[in-house]
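This report refers to the structure that appears directly beneath it.
In the UniProt record's numbering, the protein residues as written are 1 to 34.
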């Protein structure tokens, strides 16, 4: 089972880690001009 959470949501990360979730990756994104 996987979830996503914004890096700024430190409280959410602590909550999920308390439930046994592990941080396994991060994502990078860039908005492109068309």
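In this text, a Cβ means the ideal position worked out from N, Cα and C, and glycines have one as well. From a predicted model like this one, the values you see are computed outputs, not experimental measurements.
Element boundaries [alpha helix (DSSP H), containing residue i]
i: residue 11; result: 10-18
Cut-off 6 Å between Cβ atoms - residues of its own chain near residue i, not counting five sequence neighbours on either side
i: residue 12; result: 5
CB of residue i within 9 Å of CB of residue j, strictly
i: residue 17; j: residue 8; result: no
Beta-carbon contacts of residue i that lie in its chain and below 8 Å, excluding the five residues immediately before and after
i: residue 3; result: 16 and 21
i: residue 26; result: 7
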